[in-house]
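Student: All you need for my numbering is the position in the sequence shown, starting with 1, plus 804.
Pasting in a structure now, in structure tokens, and then I'll have a few things to ask.
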Amino acid sequence: MRSLLQRIAFALASGAAGYVLTKWVHGSTVTNLTLAVFIGGAVLIVEFLHEVESGVRDTARTIVEVNRSTQLREQIENSPLDSSENWPVRDLIDNAVICAPPTPILRQLVGAEIRNLIQLMQGLTAVDGRNSAVASCDGEDRNWLLALTEASQSSILATSTTWTDGGEGKFEDGFWKSELGRAYLQGQRAAVRRGVLVQRVFILTDPAILANEDFIRTCEKQHAAGIEVRTKVVLSTPSFHQVEDWAATFKDFILFDHDVSYEIDMDGIQAMTIARTNLRFNPAILQERRDLFEVIWNGSTPLEPGDPNSAAAS
């Protein structure tokens, strides 16, 4: 945008050019000057009108953005989630506005994390029908597991199966030896300290696992964290075609406060690879999980620390 002096100079130059042109057609001096002044004034007015039009467009855009911001603010204030003092949506918006990752790969990372959050929120919002009311992500999501453990207030009821958590060496490796497994155990210890009931049933495919030193140490660590541990031996492995035992029909699941079931889908029966993580909160499915855990718990045997043979009857 040119300054006022520049616009005046351009108008004078236009008037002077008009004066020279009118001189060529042999007009009178008064006529020439009148036309020159008219041309210069017209140029100045056109520039002014163009600037006014640009200003009006900018003002309109500003009004639209203000309206959007006002609507967003109202939506945030009316959101049921915003009623919580700990709900960080405002912090998310504030930081998203000023966030400036220094490199393209970091911008891609931020975008991916935001898309993951959007996917979670969309999943938690879709509650129509029995098969919905589920939020999912590909692979294993450690953040959901640890966040739900930290947020639990009343109970954590979990199963832990050989084919999902035992690894390839029957608890010599596997989930409980991983960094996530250790962090999850720490989170459960903290949950117990704040009064949360934590119960776990180890569903085993081989009775010999009960005497396995790694499995015994795993159970001792769970006991030390305040977790109630039981075992159930299932002599058959799960099959899509033949189910011989109720405990073999179900994958690992964790019920948090009876309000959400954390479940994983394995990539094949024996593949030891997590294909998908699901958060299920359909009331009918949650009731099934609660009933199933009660059956599993009542049909299992308490495992006392330092006495693995106490579960042999299971």
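All C-beta atoms in this analysis are idealised placements derived from N, C-alpha and C, irrespective of residue type, glycine included.
#1: Using the beta-carbon count (16 or more within 10 Å), is P1042 buried or exposed?
#2: When you compare only the Cα positions, how much space is there between Y988 and P908?
#3: Excluding the five sequence neighbours on either side, which residues of its own chain have a C-beta within less than 6 Å of the C-beta of A939, listed in chain order?
#4: Under 8 Å between C-beta atoms, does N1082 make it to chain C?
#5: Using DSSP bridges, identify the partner residues of S982.
#6: Excluding sequence positions up to five away, which residues of its chain have a Cβ less than 6 Å from the Cβ of D1069?
#7: Relative to the alpha-carbon of S956, which residue among Y1066, T1105, E1092, P1087 has its alpha-carbon at the smallest distance?
#8: Only counting runs of 4 or more residues, tell me where the alpha helix (DSSP H) segments fall wholly within the stretch 946-1018, in order along the chain.
#9: For V1033 and I897, what's the separation of their Cα atoms in angstroms?
#10: Tell me whether F1044 is buried or exposed, calling it buried when 16 or more other Cβ atoms sit within 10 Å of its Cβ.
#11: Nearest to G985 by alpha carbon, out of A1088, G971, N1102?
#12: What three-state label does DSSP hand N1082 in the structure shown?
#13: Who are the Cβ neighbours of N1102 in its own chain at under 8 Å, not counting the five residues just before and after it?
#14: Measuring only the C-alpha atoms, how far is P905 from R911?
#15: Can you tell me where the alpha helix (DSSP H) with E917 in it begins and where it stops?
#16: Starting from the C-beta of H1062, find all residues in its chain whose C-beta is less than 7 Å away, skip the five residues before and the five after it, and write them out in chain order.
#17: Residue range of the alpha helix (DSSP H) that D1095 falls in?
#18: Is it buried or exposed, A1012, if we count other Cβ atoms within 10 angstroms and call 16 or more buried?
#19: Does DSSP put L1107 in a helix, in a strand, or in coil?
#20: Is it buried or exposed, I922, if we count other Cβ atoms within 10 angstroms and call 16 or more buried?
#21: Looking at V1002 and Q992, is the spacing between their C-beta atoms short of 8 Å?
#22: Name the residue from N899, A994, D942, A900 whose alpha carbon lies nearest to the alpha carbon of N920.
#23: Taking buried to mean at least 16 other C-beta atoms within 10 Å of its own C-beta, is Q875 buried or exposed?
#24: Return the CA-CA distance between T966 and N871, expressed in angstroms with no decimal places.
Tutor: Taking the structure as given:
#1: Stepping through the sequence shown from its first residue, residue 1042 is reached at position 238. Low confidence applies here, because P1042 scores a pLDDT of 47, under 50, leaving its location unreliable; read the following figure in that light. Classification of P1042: buried, given that the 10 Å Cβ count is 16 or more.
#2: For the purposes of this step, residue 988 is taken as the residue at position 184 of the sequence shown. For the purposes of this step, residue 908 is taken as the residue at position 104 of the sequence shown. Going by the C-alpha atoms only, they are around 33 Å apart.
#3: In the sequence shown, residue 939 corresponds to position 135, counting from 1. Excluding sequence neighbours, A939 sits near L924, G927, L928, L1083.
#4: Structure shown: chain C not included; a single protein chain is present.
#5: Here residue 982 is taken as the residue at index 178 of the sequence shown, counted from 1. Answer is none; S982 lacks a bridge partner.
#6: Position 265 of the sequence shown holds residue 1069. If we look at D1069 and ignore the five residues flanking it on each side, its Cβ neighbours are A1079, R1080.
#7: Walking along the sequence shown from the start, residue 956 turns up at place 152. Closest by alpha carbon: Y1066.
#8: 946-955, 966-969, 983-997
#9: Position 229 of the sequence shown holds residue 1033. Position 93 of the sequence shown holds residue 897. If you take the alpha carbons of V1033 and I897, they lie about 43 Å apart.
#10: Sequence index remark: in the sequence shown, residue 1044 carries index 240 (1-based). Note on F1044: pLDDT 37, under 50, position unreliable in the model; the coordinate value appears next. F1044 comes out exposed.
#11: Residue 985 sits at position 181 when you count from the first residue of the sequence shown. For G985, the nearest C-alpha among the options comes from G971.
#12: Looking up residue 1082 in the sequence shown gives position 278. Looking at N1082 - three-state DSSP - the assignment turns out to be strand.
#13: The sequence position of residue 1102 within the sequence shown is 298, counting from 1. Counting only Cβ-Cβ distances below 8 Å, and skipping sequence neighbours, we find nothing.
#14: Here residue 905 refers to the residue found at position 101 when the sequence shown is read from its first residue. Here residue 911 refers to the residue found at position 107 when the sequence shown is read from its first residue. Between P905 and R911, the C-alpha separation is close to 5 Å.
#15: As a working note, residue 917 is residue 113 in the sequence shown. E917 -> alpha helix (DSSP H) spans 908-929.
#16: Here the question's residue 1062 lines up with position 258 in the sequence shown. Cβ neighbours of H1062 beyond the five flanking positions: S959, L1090, R1094.
#17: Taking the sequence shown and counting its residues from 1, one reaches residue 1095 at position 291. Residues 1087-1102.
#18: By 1-based counting over the sequence shown, the position of residue 1012 is 208. Result: exposed.
#19: The residue given as residue 1107 occupies position 303 in the sequence shown. Residue state, collapsed to three classes: coil.
#20: Against the sequence shown, residue 922 aligns to sequence position 118. That one is exposed.
#21: Taking the first residue of the sequence shown as 1, we reach residue 992 at position 188. Taking the first residue of the sequence shown as 1, we reach residue 1002 at position 198. Yes, they are a contact pair.
#22: For this step, residue 920 is matched to residue 116 along the sequence shown. Nearest C-alpha to N920: D942.
#23: Locating residue 875 in the sequence shown gives position 71, where the first residue counts as 1. Answer is exposed; the Cβ neighbour count stays below 16.
#24: Position 162 of the sequence shown, counting from 1, holds the residue named residue 966. Position 67 of the sequence shown, counting from 1, holds the residue named residue 871. So the two alpha carbons sit approximately 56 Å from each other.
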